[in-house]
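Each residue of the sequence shown is one higher than the one before, starting from 14 at the first, in this note's numbering.
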Amino acid sequence: MFNKDEIRSAMQEMMNDVMNRGYDLLMHKPEQTQELDKLLTRAAENLSAQLGELEQIEHTSSEKEAEARYEGLSKQSQERSLELLAAIQRIERGQSNIDEFKYY
14 MFNKDEIRSA MQEMMNDVMN RGYDLLMHKP EQTQELDKLL TRAAENLSAQ LGELEQIEHT
74 SSEKEAEARY EGLSKQSQER SLELLAAIQR IERGQSNIDE FKYY
């Protein structure tokens, strides 16, 4: 059973991990500022959108429907976090292209 507060907390923790890794890399690779800035901005926007989506799940909907929406949002958040962490790794390795960040 999913709990709205637990999902919110998990989403925030995953994005905090992305943000912390991004800022840490920024300190070690200032030449990558443009890519990292774009990625971190998109990560913050994404978290805001996901939290907004979480708040839209109505308690008046059936429990089964709410559960399915919570599960879907949780999975989407996990996938997004992994995509962003992979992008940070590509930046760290010098394998990124700033144009790829239009998708984040």
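Don't be surprised by glycine CBs; every beta carbon is placed ideally from N, CA and C. Because the structure is a prediction, the values reported are computed rather than measured.
Nearest to residue i by alpha carbon, out of the options?
i, options, result
"Leu-95", "Arg-21, Gly-35 and Phe-15", "Gly-35"
"Arg-55", "Val-31, Gln-45, Glu-44 and Arg-106", "Val-31"
"Gly-65", "Leu-98, Lys-77, Ser-90 and Pro-43", "Ser-90"
"Arg-21", "His-41, Ser-87 and Leu-97", "Ser-87"
"Met-28", "Leu-38, Gln-47, Leu-98 and Lys-51", "Leu-98"
"Ser-109", "Met-24, Gln-25, Lys-51 and Ile-70", "Lys-51"
For residue i, which residues from the same chain have a beta carbon less than 7 Å from its beta carbon, with the 5 sequence-adjacent residues on both sides left out?
i, result
"Gln-102", "none"
"Arg-93", "Asn-59"
Is any beta-carbon of chain B found at less than 8 Å from that of residue i?
i, result
"Ile-20", "The displayed structure is made up of one protein chain only, and chain B is not part of it."
Beta-carbon within less than 6 Å of residue i's beta-carbon, same chain only, minus the 5 sequence neighbours each way: which residues are those?
i, result
"Tyr-116", "With a pLDDT of 48 at Tyr-116, under the threshold of 50, the modelled position of this residue cannot be trusted; read the value that follows with caution. So the list is empty, once near-sequence residues are dropped."
"Gln-45", "Ile-104"
| task | Run through the region 48–105 for me and flag every whole alpha helix (DSSP H) of 4 or more residues, listed as ranges in chain order. | result | With a minimum length of 4 residues, the continuous alpha helix (DSSP H) runs that stay inside the region 48–105 are 76–105.
| task | Check whether the region 82–96 touches the region 15–29, taking contact to mean three or more Cβ pairs, one atom from each stretch, closer than 8 Å. | result | They touch, by the three-pair rule.
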